[in-house]
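Engineer: Input: one structure, supplied below.
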Amino acid sequence: MLWNMTRSWPGSGRLTSTPSTSSLGRGSMSRGPVRRPQTLLLKGLFLASDIQQLQQAIEECKQMILELPEHSERQKDAVVRLIHLRLKLQELKDPNEDEPNIRVLLEHRFYKEKSKSVKQTCDKCNTIIWGLIQTWYTCTGCYYRCHSKCLNLISKPCVRSKVSHQAEYELNICPEAGLDSQDYRCAECRAPISLRGVPSEARQCDYTGQYYCSHCHWNDLAVIPARVVHNWDFEPRKVSRCSMRYLALMVSRPVLRLREINPLLFNYVEELVEIRKLRQDILLMKPYFITCKEAMEARLLLQLQDRQHFVENDEMYSVQDLLDAHTGRLGCSLTETHTLFAKHIKLDCERCQAKGFVCELCREGDVLFPFDSHTSVCSDCSAVFHRDCYYDNSTTCPKCARLSLRKQSLFQEPGPDVDV
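Each step along the sequence shown adds one to the number in full-length UniProt numbering, with nothing skipped, and position 369 is 369.
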């Protein structure tokens with residue numbers, strides 16, 4: 001008798017032997033087809049080499065699961081066996097040999113993933129990616145994931161290109177136009193949709209106001225920028241997959257000029273007033289750091305490298321800035337940075353201390369700096385004074401008057417009695 005050697009399923013760690021079908025005698029063949037024993041399927045001893053055999057084994061395993069007692073060990077083993085058979089079938093249907101590591105399509109830059117243990121969902125077909133046996137790709141720009149077999153079915157360009165060329169938000173709250181404006185089709189894949197769910201359910205994206213099918217809209221939740229800047233509303237709402245990826249890429253980009261979009265927001269949100277004052281102070285500290293060797297060596301300005309726009313202006317905000325302001329994180333971190341910067345200028349560095357001011361109106365008190373809370377700065381010459389002295393003084397700024405006299409003396413024409 002011939003024997004085929006095969007290893008049992010993981011966990012057993014032993015070899016088992018099964019009689020080859022060629023060793024069955026004619027007597028057994030004369031009694032009709034031989035039904036494979038359940039124990040063979042349970043132990044994983046049935047060898048299948050093509051798709052037809054695998055499909056037959058899967059059907060037999062499913063029937064056996066129904067016949068076995070509920071929650072028994074044998075039924076659990078049969079379920080495990082069924083999973084492995086299905087994985088093997090999928091592997092035969094979707095071979096991953098000779099797949100390129102990089103694929104460029106519709107401005108997506110897809111890289112073949114190496115991970116085998118992480119379970120993901122394909123963004124195109126909305127089914128599970130079995131990383132153990134299936135080839136799958138991820139776009140490095142927008143993190144779009146899909147099977148290798150779904151790559152050629154993608155119709156939507158990479159949203160990172162939109163972020164690069166047109167980095168702006170839709171600032172109207174859920175600008176709905178109606179299903180008729182979309183010809184009762186999905187805004188992305190153009191599949192027929194309706195609110196009755198026939199042939200497919202229409203799902204509205206709260207960011208774009210458009211309707212999508214269930215394949216393009218998975219009921220993902222995201223904070224809507226328009227609701228934040230107009231209502232100071234941070235409640236996540238349902239958005240399409242495309243909108244979710246776009247909002248995720250845009251969240252840290254400083255593209256919101258709040259004082260133009262909604263100037264009244266600063267009257268109702270105290271956190272924003274405090275943050276604006278801290279940002280203005282940091283901008284006043286910046287000239288000290290750029291001319292200070294110690295500050296440049298210590299890379300103090302890199303304390304704000306995650307929010308580089310804070311050292312460039314005090315007007316632009318990102319959605320992440322507003323989220324952190326709402327939770328209180330931004331105010332705390334900016335206060336710490338402000339304290340660190342002020343300590344360097346006023347206490348640690350003699351060079352920066354030497355650039356301080358003395359109030360020319362009262363000529364009393366300590367050295368003043370433009371970011372001190374009790375000072376005022378002349379808008380023309382940037383001289384610094386005590387706030388009380390500046391507003392009590394009815395005359396012009398002493399420094400401005402001195403500069404004006406100097407200019408007059410330089411451009412004054414010589415008199416006739418001057419010896420040329």
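Beta carbons are placed, not taken as given, at the ideal position from N, Cα and C, and that holds for glycine.
In angstroms, rounded to a whole number, what distance separates the CA positions of Y144 and C174?
Structural biologist: The sequence position of residue 144 within the sequence shown is 144, counting from 1. The sequence position of residue 174 within the sequence shown is 174, counting from 1. Rounded to whole angstroms, Y144 to C174 spans 24 Å at the Cα level.
Engineer: Alpha carbon to alpha carbon, how far is L301 from K286? Give it in angstroms, no decimals.
Structural biologist: One-based indexing of the sequence shown puts residue 286 at position 286. One-based indexing of the sequence shown puts residue 301 at position 301. Their backbone Cα atoms lie some 8 Å apart in a straight line.
Engineer: If K355 and Y288 are in contact, beta carbons under 8 Å, what's the gap, nearest whole angstrom?
Structural biologist: Numbered from its first residue, the sequence shown carries residue 355 at position 355. Numbered from its first residue, the sequence shown carries residue 288 at position 288. Yes, they are in contact, since the Cβ atoms of K355 and Y288 sit about 6 Å apart, within 8 Å.
Engineer: Should Y111 go down as buried or exposed, given a rule of 16 or more other Cβ atoms within 10 Å for buried?
Structural biologist: Here residue 111 corresponds to residue number 111 of the sequence shown, with the count starting at 1. Y111 should be labelled exposed.
Engineer: Please determine if the stretch 306 to 314 and the stretch 268 to 285 are in contact, where contact requires at least 3 C-beta pairs separated by less than 8 Å.
Structural biologist: The stretch 306 to 314 is in contact with the stretch 268 to 285.
Engineer: Does S243 pass the burial test, meaning 16 or more other C-beta atoms within 10 Å, or should it be called exposed?
Structural biologist: Counting from one through the sequence shown, the residue named residue 243 turns up at place 243. It is buried - the Cβ of S243 has at least 16 other Cβ atoms within 10 Å.
Engineer: Pick out the complete beta strand (DSSP E) segments inside the stretch 195 to 227, 3 residues or longer, and give them in chain order.
Structural biologist: Here the runs fully enclosed are 220 to 222.
Engineer: What three-state label does DSSP hand F371 in the structure shown?
Structural biologist: The sequence position of residue 371 within the sequence shown is 371, counting from 1. F371: coil per DSSP, three-state reduction.
Engineer: Out of curiosity, what's the CA-to-CA distance linking V228 and W136?
Structural biologist: Counted from its first residue, the sequence shown places residue 228 at position 228. Counted from its first residue, the sequence shown places residue 136 at position 136. Cα to Cα, V228 sits roughly 36 Å from W136.
Engineer: Taking 8 Å as the cut-off, decide whether the C-beta atoms of C142 and L249 are in contact.
Structural biologist: On the sequence shown, position 142 is the one that residue 142 refers to. On the sequence shown, position 249 is the one that residue 249 refers to. Their beta carbons are under 8 Å apart, which means C142 touches L249 by this criterion.
Engineer: Quick check: what's the CA-CA separation for E294 versus H165?
Structural biologist: What you label residue 294 is simply residue 294 of the sequence shown in a count that begins at 1. What you label residue 165 is simply residue 165 of the sequence shown in a count that begins at 1. Spanning the two alpha carbons is a distance of roughly 39 Å.
Engineer: Along the beta strand (DSSP E) that carries L105, what are the first and last residues, could you check?
Structural biologist: Here the question's residue 105 lines up with position 105 in the sequence shown. Element bounds for L105: 102 to 105.
Engineer: To the nearest angstrom, how far is the alpha carbon of Q303 from that of H217?
Structural biologist: Within the sequence shown, numbered from 1, the residue matching residue 303 stands at position 303. Within the sequence shown, numbered from 1, the residue matching residue 217 stands at position 217. Approximately 39 Å, taken between the alpha carbons.
Engineer: Count the other CB atoms, across all protein chains shown, that sit within 10 Å of the CB of V273; report buried if there are 16 or more and exposed otherwise.
Structural biologist: To locate residue 273, count along the sequence shown from 1; it is residue 273. With fewer than 16 other Cβ atoms within 10 Å, it is exposed.
Engineer: Taking the continuous beta strand (DSSP E) assigned at V384, which residues delimit it?
Structural biologist: Your numbering for residue 384 matches position 384 in the sequence shown. First-last of the beta strand (DSSP E) with V384: 384 to 386.
Engineer: Quick check on DSSP: helix, strand or coil for R402?
Structural biologist: Mapped onto the sequence shown, residue 402 falls at position 402. It is helical.
Engineer: Whose C-beta lies closer than 6 Å to the C-beta of T337 among residues of the same chain, with five residues either side of it excluded?
Structural biologist: As a first step, residue 337 is located in the sequence shown; it is residue number 337 there, counting from the start. Here the set comprises Q303.
Engineer: What does the Cβ neighbour count give for H380, buried or exposed, with the cut at 16 atoms within 10 Å?
Structural biologist: The residue labelled residue 380 in the question sits at position 380 within the sequence shown. A small fix is needed here, since residue 380 is Asp in this sequence, not His. Classification for D380: exposed.
Engineer: Could you pull the start and end residues of the alpha helix (DSSP H) that T291 belongs to?
Structural biologist: Counting from 1 along the sequence shown, the entry for residue 291 is found at position 291. Careful: T291 lies outside any alpha helix (DSSP H) and carries neither H nor E.
Engineer: Whether or not the stretch 383 to 393 and the stretch 350 to 366 are in contact is what I'm after, with contact meaning three or more pairs of Cβ atoms, one per stretch, closer than 8 Å; do they touch?
Structural biologist: The answer is yes - the stretch 383 to 393 touches the stretch 350 to 366, with three or more Cβ pairs under 8 Å.
Engineer: DSSP puts E357 in a beta bridge; with which residues?
Structural biologist: Position 357 of the sequence shown holds residue 357. Note that residue 357 is Phe in the sequence shown here, rather than Glu. Answer is L368.
Engineer: Ordered along the chain, which non-local residues of its own chain (more than five positions away) have a Cβ less than 8 Å from that of Q75?
Structural biologist: As a working mapping, residue 75 is identified with position 75 in the sequence shown. I65, L68, P69.
Engineer: Counting C-beta neighbours from all protein chains within 10 Å, is the total for T335 16 or more, i.e. buried, or is it exposed?
Structural biologist: As a first step, residue 335 is located in the sequence shown; it is residue number 335 there, counting from the start. Exposed is the call here.
Engineer: Whole-angstrom Cβ separation of R109 and C139, contact assumed at under 8 Å?
Structural biologist: The count along the sequence shown starts at 1 and reaches residue 109 at position 109. The count along the sequence shown starts at 1 and reaches residue 139 at position 139. R109 to C139, Cβ: 6 Å. Contact.
Engineer: Measuring only the C-alpha atoms, how far is V198 from V239?
Structural biologist: Mapped onto the sequence shown, residue 198 falls at position 198. Mapped onto the sequence shown, residue 239 falls at position 239. Computed Cα separation, rounded: 21 Å.
Engineer: Mark H71 as exposed unless 16 or more other C-beta atoms lie within 10 angstroms of its C-beta, in which case mark it buried.
Structural biologist: Translated into positions along the sequence shown, residue 71 becomes position 71. The residue in question, H71, is exposed, as its Cβ has fewer than 16 Cβ neighbours within 10 Å.
Engineer: Please report how far the alpha carbon of S333 lies from the alpha carbon of D321, in whole angstroms.
Structural biologist: As a working note, residue 333 is residue 333 in the sequence shown. As a working note, residue 321 is residue 321 in the sequence shown. Roughly 11 Å between the two C-alpha positions.
Engineer: Rounded to whole angstroms, what is the Cα-Cα separation between R276 and A325?
Structural biologist: Within the sequence shown, residue 276 is the residue found at index 276, counting from 1. Within the sequence shown, residue 325 is the residue found at index 325, counting from 1. Cα to Cα, R276 sits roughly 11 Å from A325.
Engineer: Roughly how many angstroms separate the alpha carbons of V269 and Y169, rounded to a whole number?
Structural biologist: The residue given as residue 269 occupies position 269 in the sequence shown. The residue given as residue 169 occupies position 169 in the sequence shown. Distance between the alpha carbons of V269 and Y169 is about 22 Å.
Engineer: Grouping DSSP H, G and I as helix and E and B as strand, with all else coil, what is I83?
Structural biologist: In the sequence shown, counting from the first residue as 1, residue 83 sits at position 83. Residue state, collapsed to three classes: helix.
Engineer: Should residue 451 be labelled buried (16 or more other beta-carbon atoms within 10 Å of its own) or exposed?
Structural biologist: Here the chain comprises residues numbered 1 to 420, so residue 451 is not present and cannot be evaluated.
Engineer: Can you tell which of E271, L195, A78 has its C-alpha closest to the C-alpha of G328?
Structural biologist: For the purposes of this step, residue 328 is taken as the residue at position 328 of the sequence shown. Measuring from the Cα of G328, the nearest candidate turns out to be E271.
Engineer: Using the Cβ count rule (16 or more neighbours within 10 Å means buried), how would you classify R351?
Structural biologist: As a first step, residue 351 must be located in the sequence shown, where it is residue number 351. Under this definition R351 is an exposed residue.
Engineer: For Q210, does the count of other Cβ atoms within 10 angstroms reach 16, so buried, or fall short, so exposed?
Structural biologist: Position 210 of the sequence shown, counted from the start, is the residue given in the question as residue 210. Buried: at least 16 other Cβ atoms inside 10 Å.
Engineer: Express the C-alpha separation of W130 and C186 in angstroms, rounding to a whole number.
Structural biologist: The residue you call residue 186 lines up with position 186 of the sequence shown. The residue you call residue 130 lines up with position 130 of the sequence shown. Answer to the nearest angstrom: the Cα atoms are 28 Å apart.
Engineer: If you check the beta carbons only, do Y207 and I224 fall under 8 Å apart?
Structural biologist: Within the sequence shown, numbered from 1, the residue matching residue 207 stands at position 207. Within the sequence shown, numbered from 1, the residue matching residue 224 stands at position 224. For Y207 and I224, yes; Cβs fall inside 8 Å.
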